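In the numbering used here, the protein residues as written are 2 to 502. For glycine and all other residues, C-beta sits at the position ideal for the given N, C-alpha and C. Fair warning: this is a prediction, and the values are worked out from it, not measured in the lab. Some notes on the structure that comes next.
Next comes the structure, spelled out in structure tokens:
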């Protein structure tokens, strides 16, 4: 056979194979762009930031459309109507988590975030809600932990008064310490190597889990065992698991049954009381703790960092918040969570900052738990579902000025705080963010304390600020520095903020 004939036969065979392996949408499945064999629609989306591509596809195919990640079909939900119907109206149908992805393999499906919907997940979520409540969530006990950590933030900023300050290290450290104190009963100094190891491991894993390498891992299973960059995620997680196991071992030696000091003790107590059908065990405890620690560190810290950036740039809104804070707190030594009821403008500002921070732009991926329907389309059991929360938080029909910093989005005509239906910063339905109540308390107590004690300013010498976040599964503001100077307020009786107790 001549060489050209061999090439022709090879080319024909390749075309046939590509045709045979080309994904085909099931009958009455949501529409979407044509997909390539093996690759699906991966090459049609920006790996750096796919949000604009998803907007373009929604304009063409509607609020419910489909994509292929490799050969895996995915349904994308766009806008409040579609997201609400899936997560709230048909909440149980869409309460699953996709299986076989890198995050499943890293966590061994034993944590809370990626565990599939079922009895094991229900038992652990029920335990988490119960133990957080028993540990004072929303009560003075939890307030004291947050306010105690906030004092360390204030001292750190006070020591750098008048100079350019990069708030990222201290805010990440403080958020990690707050959730660590609840989980492990442990607090670290901000220069502690263990704290740096925990935060850096979480940050690197979050970055790689939302990079092109994660897409490659999820799309091409035959590459998973090669020494490619996604292996670093597994290495980091093994180190975090070893660290957590050592803490659990120490707790088992020092604990007194029935007298829990933290979430670990609560879990161990529950294991002792549970019957033989329980899913509680030490392996799941490790993953449970790591999930809560990661979620409680990155989301809160990046929201606070976004808030500090916007407030430093929008000094007029900062001043209005400070006026309301001063009027409500007056000579009180420190703020309490109940004070939020008298601070509608501050509450509105914090919620608007959460909207703009858009911490989880595509939510956490869902999957269908059974064959179901959505807005007239058939969605088979096990289908990966992407809830585009960005499309809800910036939907033009839901917000007067979706692309602007406008606290009035959360105020009614009488100036009272209100929460619009489209505020889905914590998602919705059965998988709504477990830490919503804790996050709300942290954001209010930390930001009110900092605004009461300091003036924040964007340094003119740095040029104009770039308010665009860095895209990721957990978004973050771009690195920045601001100036922080003490201010006078009633509670310090005329002294500088650094001397306030």
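Secondary structure of residue 75 (DSSP, three-state): strand. When 318, 407, 428 and 73 are compared, the shortest CA-CA separation from residue 363 is found for 428.
Note that the C-beta distance between residue 316 and residue 458 is below 8 Å.
Look at the segment 82-135 and you find these whole runs of alpha helix (DSSP H), each 4 residues long or longer: 103-108 and 120-135. Under the three-state reduction of DSSP, residue 430 is assigned to helix.
Here DSSP, grouped into helix, strand and coil, assigns residue 237 to helix. Per DSSP, residue 389 is not a residue of any alpha helix (DSSP H); the beta strand (DSSP E) it occupies stretches across 385-389. Residue 352 holds the alpha-carbon nearest to the alpha-carbon of residue 304 among 400, 337, 352 and 285.
Contact check for residue 356 against residue 296 fails: the beta carbons are separated by 8 Å or more. A distance below 7 Å between beta-carbons, with the five flanking residues on each side excluded, links residue 99 to the following residues of its chain, in chain order: 366, 368 and 385. Across the set 346, 418, 268 and 218, the C-alpha of 268 shows the shortest separation from the C-alpha of residue 133. Judged by beta-carbon spacing, residue 107 lies beyond the 8 Å limit of residue 83, meaning their Cβ atoms are not closer than that value. Residue 410 and residue 453 have their C-alpha atoms spaced approximately 23 Å apart.
Note that the C-beta distance between residue 300 and residue 116 is not below 8 Å. A straight line joining the alpha-carbon of residue 27 with that of residue 33 spans about 12 Å.
The beta carbon of residue 322 is closer than 6 Å to those of 347, 350 and 452 in its chain, skipping five residues each way along the sequence.
A distance below 8 Å between beta-carbons, with the five flanking residues on each side excluded, links residue 124 to the following residues of its chain, in chain order: 279, 280 and 281. For residue 67, the uninterrupted beta strand (DSSP E) run begins and ends at 65-70, by DSSP. Contact check between the segment 165-180 and the segment 188-201: three or more CB pairs, one atom from each, fall below 8 Å, which counts as touching. If you look at residue 360, you'll find it isn't in any alpha helix (DSSP H); DSSP assigns it neither H nor E. The straight-line gap separating the alpha-carbon atoms of residue 254 and residue 245 is approximately 15 Å.
For residue 39, no beta strand (DSSP E) segment is defined, and its DSSP state is neither H nor E. Per DSSP, residue 370 is not a residue of any beta strand (DSSP E), being assigned neither H nor E. Only exposed fits residue 320, as fewer than 16 other CB atoms lie within 10 angstroms of its CB. Excluding its 5 nearest sequence neighbours in each direction, residue 257 has no C-beta neighbour in its own chain below 7 Å. According to DSSP, residue pairing for residue 165 in a beta bridge involves 484.
DSSP, reduced to helix, strand and coil, places residue 252 within a helical segment of the structure shown. Judged by beta-carbon spacing, residue 431 lies beyond the 8 Å limit of residue 59, meaning their Cβ atoms are not closer than that value.
Beta-bridge annotation (DSSP): residue 418 is paired with 412. Check the Cα spacing between residue 333 and each of 449, 164 and 308: the tightest is with 449. Inter-residue distance for residue 74 and residue 210 is about 19 Å (C-alpha atoms, whole angstroms). Here residue 184 is actually not in contact with residue 242; their C-beta atoms are around 14 Å apart, not less than 8 Å. Around the CB of residue 142, fewer than 16 other CB atoms lie within 10 Å, so the residue is classed as exposed. A distance below 7 Å between beta-carbons, with the five flanking residues on each side excluded, links residue 180 to the following residues of its chain, in chain order: 293, 294, 297 and 298. Setting aside the 5 residues that flank it on each side, residue 445 is surrounded in the same chain by 338, 341 and 351, each with a C-beta closer than 7 Å to its C-beta; the list follows chain order. In this chain, residue 221 is not harboured by any alpha helix (DSSP H), its DSSP state being neither H nor E.
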